[in-house]
Amino acid sequence: MKTPAAVTKDMERRLVNHWHSEIVSATEGATSAFPHAFPLGRAASADLRADYAAIHALTVTWQEWARGHGVELTYTSRIAKGGTRQVVPTHVLLTSVDQAATIVGKGWQERLARGRERLAVLLDRSRTLDRADAGRILRLVDGYADIDFALLLKVVDWYRADPSLARGLTPRQVPIPGVHAKWLQAHRAAVLALTGLDDLGLLANHPARIHFTYLDPDHRADGRRLHDSATVGDTFAPAYQPEVVVISENKDTAIHFPELAGGLIVEGVGRGGRTVASFPWIREAPLVVYWGDMDRDGYEILNGYRIDFDRDLDSILMNVAAYEEFEPYGTNHDQNGRDLVAGAPRVVDHLRADELEVYLRLLHPEHSGHRRIEQERIPLTRALSEVERLVSPTN
Numbered sequence: 001m002k003t004p005a006a007v008t009k010d011m012e013r014r015l016v017n018h019w020h021s022e023i024v025s026a027t028e029g030a031t032s033a034f035p036h037a038f039p040l041g042r043a044a045s046a047d048l049r050a051d052y053a054a055i056h057a058l059t060v061t062w063q064e065w066a067r068g069h070g071v072e073l074t075y076t077s078r079i080a081k082g083g084t085r086q087v088v089p090t091h092v093l094l095t096s097v098d099q100a101a102t103i104v105g106k107g108w109q110e111r112l113a114r115g116r117e118r119l120a121v122l123l124d125r126s127r128t129l130d131r132a133d134a135g136r137i138l139r140l141v142d143g144y145a146d147i148d149f150a151l152l153l154k155v156v157d158w159y160r161a162d163p164s165l166a167r168g169l170t171p172r173q174v175p176i177p178g179v180h181a182k183w184l185q186a187h188r189a190a191v192l193a194l195t196g197l198d199d200l201g202l203l204a205n206h207p208a209r210i211h212f213t214y215l216d217p218d219h220r221a222d223g224r225r226l227h228d229s230a231t232v233g234d235t236f237a238p239a240y241q242p243e244v245v246v247i248s249e250n251k252d253t254a255i256h257f258p259e260l261a262g263g264l265i266v267e268g269v270g271r272g273g274r275t276v277a278s279f280p281w282i283r284e285a286p287l288v289v290y291w292g293d294m295d296r297d298g299y300e301i302l303n304g305y306r307i308d309f310d311r312d313l314d315s316i317l318m319n320v321a322a323y324e325e326f327e328p329y330g331t332n333h334d335q336n337g338r339d340l341v342a343g344a345p346r347v348v349d350h351l352r353a354d355e356l357e358v359y360l361r362l363l364h365p366e367h368s369g370h371r372r373i374e375q376e377r378i379p380l381t382r383a384l385s386e387v388e389r390l391v392s393p394t395n
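In this text, residue positions in the sequence shown follow UniProt numbering: the first is 1, and each later residue adds one.
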């Protein structure tokens with residue numbers, strides 16, 4: 001049988017999945033996710049017969065919890081120790097989404113109130129919103145600060161007046177009074193949903209770019225440029241066809257990497273490698289090496305690069321031996337100072353066995369070591385020697 005804490009998590013999951021539709025359904029009389037009876041789980045018959053005292057104690061806990069929260073329990077009769085029949089709770093009944101929000105806490109009451117206020121405004125602005133669209137828009141604007149919600153309404157009104165005024169402009173060029181240049185780019189989905197337009201008439205986003213550094217010593221000795229960039233879809237050829245490409249997630253690491261014959265190093269672009277893989281002279285280089293942080297993101301990014309390259313790229317300094325060597329220099333905080341915590345692993349079926357071992361270790365709740373080792377903490381000379389080992393594996 002579940003504890004009150006476990007069932008409260010079930011209530012929170014139902015809130016997460018249905019809060020927006022509950023708010024909308026209240027205005028339309030549609031099918032509701034509440035009332036709802038949350039199952040408490042069924043105690044095993046063997047447990048009832050062997051140790052009814054523990055089941056009874058949990059039953060008392062549930063009864064006290066139910067009284068404290070003003071909810072009802074449903075019961076069934078079960079055979080317990082000695083063949084006696086005992087009443088055991090089976091479900092806790094919540095009558096409304098608001099009751100669930102009160103029990104769960106964590107700002108849910110305020111969230112529902114904000115959602116209802118915004119739904120009223122949205123319906124007043126657009127009587128054509130159907131239930132599915134209204135619920136979707138509520139989720140889109142749920143995290144909006146009040147100022148962003150007000151700006152959304154202003155932008156929607158502007159588009160409804162004459163959407164042709166934005167045609168052929170970039171998001172930053174659209175002349176809406178009081179709306180800063182980057183706002184429309186970040187909130188395009190909500191504007192589309194509320195206006196009902198298929199598109200906003202804006203120019204496509206500019207093509208992605210990569211930045212890279214030439215590492216070949218002969219090239220550098222000629223006094224030619226060290227740093228370069230290339231745009232996806234543009235006609236471009238590097239100063240020389242690289243024999244070795246290193247992809248580094250850290251800009252400083254890429255810029256200051258030591259000289260390497262026939263090599264160049266690319267500044268990574270985060271999750272997924274489609275941008276980098278779109279350049280044949282990178283994708284088809286004889287040796288492509290990825291080097292990232294030893295943390296959750298680093299391994300998931302490596303997995304994504306292998307998918308996008310359709311190739312088993314090599315990695316350096318991301319195996320068990322490297323983790324154990326440099327773990328003392330790690331951290332348990334992200335770049336914003338938040339604690340790094342355990343978590344459920346994702347599907348990373350393109351990691352090699354020793355990479356996967358570190359990835360799973362970093363996410364394990366009982367892991368006592370650092371959960372992040374930044375690549376900057378590793379000497380560049382060491383990274384160079386690891387790449388050279390891949391270039392000449394017999395050395």
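Glycine residues also receive a C-beta, built at the ideal position from the N, C-alpha and C atoms. This structure is a prediction, so every number in the text was calculated from the model and none was measured.
- Closest option to Leu152, judged by alpha-carbon separation, among Ser164, Leu184, Asp130, Val269: Leu184.
- Under a 10 Å Cβ-count criterion, Asn332 is classified as exposed, with fewer than 16 other Cβ atoms of the shown protein chains found around its own Cβ.
- Taking a 10 Å sphere around the C-beta of His180, we find fewer than 16 other C-beta atoms and assign the residue as exposed.
- The residue among His370, Asp314, Arg338, His350 with its C-alpha nearest the C-alpha of Phe326 is His370.
- Of all alpha-carbon atoms in Thr31, Pro89, Ala322, the one lying nearest the alpha-carbon of Glu72 is that of Pro89.
- In the three-state scheme derived from DSSP, where H, G and I count as helix and E and B as strand, His367 is classed as coil.
- Short of 6 angstroms from the beta carbon of Arg271, and not among the five residues preceding or following it, lie these beta carbons of its own chain, in chain order: Ile301, Gly304.
- Judged by their CB atoms, Ala80 and Leu48 are nearer to each other than the 9 angstroms cut-off.
- Assigned with DSSP and collapsed to three states, Gly343 falls in coil, not helix or strand.
- The beta carbon of Leu15 lies closer than 8 angstroms to those of Val97, Ala100, Ala101, Val104, Trp108 in the same chain, with the five residues before and after it left out.
- A distance below 8 angstroms between beta-carbons, with the five flanking residues on each side excluded, links Leu360 to the following residues of its chain, in chain order: Pro345.
- Phe38 sits in a strand when the DSSP states are folded into three classes.
- Per DSSP, the unbroken alpha helix (DSSP H) holding Ile55 starts and ends at 52–69.
- If you ignore the 5 residues before and after Asp295, its C-beta comes within less than 6 angstroms of the C-beta of Arg372, all in its own chain and listed in chain order.
- Secondary structure of Phe149 (DSSP, three-state): helix.
- The Cβ atoms of Val245 and Ala208 do not sit closer than 9 angstroms to each other.
- DSSP places Leu264 within a strand segment (E or B) once states are collapsed to three.
- Membership of Thr381 in the alpha helix (DSSP H) is indicated by the continuous run 380–391.
- The alpha-carbon separation between Thr235 and Ser248 amounts to approximately 24 angstroms.
- Between the beta-carbon of Gly115 and that of Trp19 there is about 7 angstroms, and that keeps the pair under the 8 angstroms contact cut.
- In the DSSP assignment, Gln173 forms no beta bridge with any residue.
- By the Cβ neighbour-count rule, Asp124 is exposed, with fewer than 16 other Cβ atoms within 10 Å of its own.
- Rounded to the nearest angstrom, the gap between the Cα atoms of Ala37 and Asp293 is 46 angstroms.
- Taking the Cα of Ile176 as reference, the smallest distance to any Cα among Ala190, Val156, Gly168, Ala221 is reached at Val156.
- Collapsing the DSSP output to three states places Arg209 in a strand.
- Closest by C-alpha distance to Asp10, out of Tyr75, Leu94, His56, is Leu94.
- According to DSSP, Pro89 shares a beta bridge with Tyr75.
- Annotation for Ile247: the continuous beta strand (DSSP E) segment containing it runs 244–248.
- Taking the Cβ atoms as the reference, Ile255 lies roughly 16 angstroms from Ala230, outside the contact range of under 8 angstroms.
- Residue environment for Ala134: buried (at least 16 other C-beta atoms within 10 angstroms of its C-beta).
- Between Tyr159 and Thr213, the CB-CB gap reaches or exceeds 9 angstroms.
- Residue pairing by DSSP places Ser315 opposite Tyr290 in a beta bridge.
- Just so you know, the alpha carbons of Asp252 and Tyr240 end up roughly 23 angstroms apart.
- Excluding residues up to 5 positions away in sequence, Glu259 lie with their Cβ nearer than 6 angstroms to the Cβ of Pro217 in the same chain.
- Ranked by Cα distance from Glu117, the options Val87, Ala150, Gln86, Ser45 are led by Ala150.
- When the five nearest sequence neighbours on each side are left out, the beta carbons in the same chain lying within less than 8 angstroms of the beta carbon of Asp228 are those of His211, Phe212, Thr213, Tyr214, Pro238, Ala239, in order along the chain.
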